[in-house]
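*Asks:* Numbering (this note's numbering), first residue to last: 21 to 354. Provided herewith is a single structure, encoded as structure tokens, for subsequent inquiry.
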């Protein structure tokens with residue numbers, strides 16, 4: 021009887037094997053190899069060899085565990101940066117988190133020595149990293165020119181600095197004079213933008229700083245939505261100009277959609293007099309192949325939608341010049 025009961029249990033176990041619930045594996049954190057450096061040298065904390073079990077994107081977080089207090093630049097990225105100013109042993113911990121919320125940590129040791137013994141060096145060969153200052157955060161209105169001012173950056177050795185401005189967040193903008201201390205941008209859309217200034221001295225040492233620009237709408241500006249059709253298959257870009265007697269001419273490009281329609285939304289157009297909108301369609305050779313225009317008026321806090329018919333130009337030779345005269349134009353028209 022016992023034998024039969026044991027046989028039945030064995031048969032049931034074979035037919036119905038236990039179901040094991042799979043467990044997700046945590047990511048693998050790699051804070052990089054231990055390093056040695058001297059004071060005032062730029063040290064890169066490299067955790068880019070970390071990886072998730074399913075190769076999904078990781079979140080990074082660097083923190084200091086031991087050593088003289090130090091600022092960690094770009095602590096939320098795979099490659100952070102520190103510039104130790106005191107001799108000692110520093111320990112940094114990297115924590116990586118995958119898309120499922122699983123995390124793992126790893127640590128690396130940085131041993132810093134001071135060849136001067138803590139005394140000011142009289143050797144002209146010792147170089148320190150420059151100081152980057154991207155200026156104060158900015159709040160502005162759409163279509164207002166904004167100066168990105170990094171002229172307060174400095175270098176202890178009075179080395180000539182190389183400036184580089186890049187955009188990190190926000191709708192992509194054209195950074196004018198991006199290789200100078202004072203750059204300029206003109207945001208067209210509401211939102212938050214982040215820019216990073218990197219300064220590099222004559223010996224290759226660099227430092228970075230960031231500035232945030234918050235763009236809002238004016239309390240009185242209007243919104244202008246432009247669309248243009250039809251566009252031929254040869255059209256590569258559509259440029260616009262918006263002119264009036266009381267404002268500077270606005271210029272830029274429309275976005276060409278998949279159905280060969282050009283569109284653009286300007287979120288801040290000063291209200292008041294009539295605006296002459298002119299559209300120029302170009303082919304790949306930058307020749308004007310179509311033209312369209314419209315006269316509109318925008319009131320305070322008003323959204324104006326204008327559809328412009330593009331007229332094909334038969335001849336591509338020569339150039340097209342159109343002069344707008346605003347004298348005598350009614351301010352009541354739209």
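The C-beta atom is built at its ideal place from N, Cα and C for all residues, glycine as well. Since the model is a prediction, treat every value here as computed from it, not as a measurement.
1) In angstroms with no decimal places, state the Cα-to-Cα distance between residue 199 and residue 233.
2) Near residue 149, which residues of its chain fall below 8 Å by C-beta distance, leaving aside the five closest residues on each side in sequence?
3) How many angstroms separate the CA atom of residue 243 from the CA atom of residue 168?
4) What do you reckon, are the CB atoms on residue 108 and residue 89 nearer than 8 Å?
5) Looking at residue 156: is its Cβ nearer than 8 Å to the Cβ of residue 170?
6) Using 8 Å as the threshold, is the C-beta distance between residue 281 and residue 247 below it?
7) Does DSSP classify residue 81 as helix, strand or coil?
8) Which residue from 273, 206, 277 and 81 puts its Cα closest to that of residue 98?
9) Just curious, the beta strand (DSSP E) that residue 216 is in, first and last residue?
10) Do you know offhand how far residue 53's Cα is from residue 115's?
11) DSSP has residue 169 in a bridge; who is on the other side?
12) Applying the 10 Å Cβ sphere with the 16-neighbour rule, what's the burial state of residue 67?
13) Only counting the same chain, and skipping five residues up and downstream in sequence, which positions put a Cβ closer than 8 Å to that of residue 212?
14) Entirely within the segment 234-264 and at least 3 residues each: give me those beta strand (DSSP E) ranges in chain order.
15) Less than 8 Å between the CB atoms is what I'm expecting for residue 85 and residue 112, so what's the real figure, rounded?
16) Return yes when the Cβ of residue 256 is within less than 8 Å of the Cβ of residue 304, no when it is not.
17) Measure the Cβ-Cβ separation of residue 295 and residue 328 and say whether it is below 8 Å.
18) Please classify residue 301: is it buried, with 16 or more other beta-carbons within 10 angstroms of its beta-carbon, or exposed?
19) Closest to residue 311 by CA distance: which of 260, 179, 120 and 197 is it?
20) Here's the rule I'm using: 16 or more other beta-carbon atoms within 10 Å means buried, otherwise exposed. How should residue 143 be labelled?
21) What runs of the beta strand (DSSP E), each 3 residues or longer, lie entirely inside the segment 83-118?
22) Out of 187, 205, 308 and 275, which has the shortest C-alpha to C-alpha gap to residue 215?
23) Alpha carbon to alpha carbon, how far is residue 141 from residue 204?
*Replies:* Inspection of the coordinates gives the following:
1) Sequence index remark: in the chain shown, residue 199 carries index 179 (1-based). Sequence index remark: in the chain shown, residue 233 carries index 213 (1-based). Approximately 19 Å between the Cα atoms of the pair.
2) On the chain shown, position 129 is the one that residue 149 refers to. 60, 61, 62, 103, 221, 225, 226 and 227.
3) Taking the chain shown and counting its residues from 1, one reaches residue 243 at position 223. Taking the chain shown and counting its residues from 1, one reaches residue 168 at position 148. So the two alpha carbons sit approximately 26 Å from each other.
4) One-based indexing of the chain shown puts residue 108 at position 88. One-based indexing of the chain shown puts residue 89 at position 69. No, the pair does not count as a contact, with Cβ atoms beyond the cut-off.
5) Sequence index remark: in the chain shown, residue 156 carries index 136 (1-based). Sequence index remark: in the chain shown, residue 170 carries index 150 (1-based). Taking 8 Å as the Cβ cut-off, residue 156 and residue 170 do not qualify as a contacting pair.
6) As a position in the chain shown, residue 281 is number 261, starting the count at 1. As a position in the chain shown, residue 247 is number 227, starting the count at 1. Cβ atoms of residue 281 and residue 247: closer than 8 Å.
7) Within the chain shown, numbered from 1, the residue matching residue 81 stands at position 61. Correct three-state label for residue 81: strand.
8) The residue given as residue 98 occupies position 78 in the chain shown. Comparing Cα positions, the closest option is 81.
9) Within the chain shown, numbered from 1, the residue matching residue 216 stands at position 196. 211-220 is the span of the beta strand (DSSP E), which, as asked, contains residue 216.
10) Here residue 53 is taken as the residue at index 33 of the chain shown, counted from 1. Here residue 115 is taken as the residue at index 95 of the chain shown, counted from 1. Cα to Cα, the separation comes out at about 15 Å.
11) Position 149 of the chain shown holds residue 169. Bridge partners of residue 169: 202.
12) Reading the chain shown from its first residue, position 47 is the one you call residue 67. Residue 67 should be labelled buried.
13) In the chain shown, the residue the question calls residue 212 occupies position 192. So the qualifying residues of the chain are 189, 190, 232, 233, 234 and 235.
14) 242-249 and 257-264
15) Your numbering for residue 85 matches position 65 in the chain shown. Your numbering for residue 112 matches position 92 in the chain shown. About 7 Å; that satisfies the 8 Å criterion.
16) For the purposes of this step, residue 304 is identified with residue 284 of the chain shown, where counting begins at 1. For the purposes of this step, residue 256 is identified with residue 236 of the chain shown, where counting begins at 1. Contact: yes.
17) Translated into positions along the chain shown, residue 295 becomes position 275. Translated into positions along the chain shown, residue 328 becomes position 308. In this structure, residue 328 does not lie closer than 8 Å to residue 295 by Cβ.
18) Position 281 of the chain shown, counting from 1, holds the residue named residue 301. Buried, by the Cβ-count rule.
19) Sequence index remark: in the chain shown, residue 311 carries index 291 (1-based). Minimum Cα distance to residue 311 is reached at 260.
20) The count along the chain shown starts at 1 and reaches residue 143 at position 123. With a pLDDT of 47 at residue 143, under the threshold of 50, the modelled position of that residue is not reliable, and no figure is offered here.
21) 99-102 and 108-117
22) Numbered from 1 along the chain shown, position 195 holds the residue referred to as residue 215. That would be 187, whose Cα lies nearest to the Cα of residue 215.
23) Position 121 of the chain shown holds residue 141. Position 184 of the chain shown holds residue 204. Reliability fails at residue 141, whose pLDDT of 47 lies under 50, so the model's placement of it is uncertain and no value is given.
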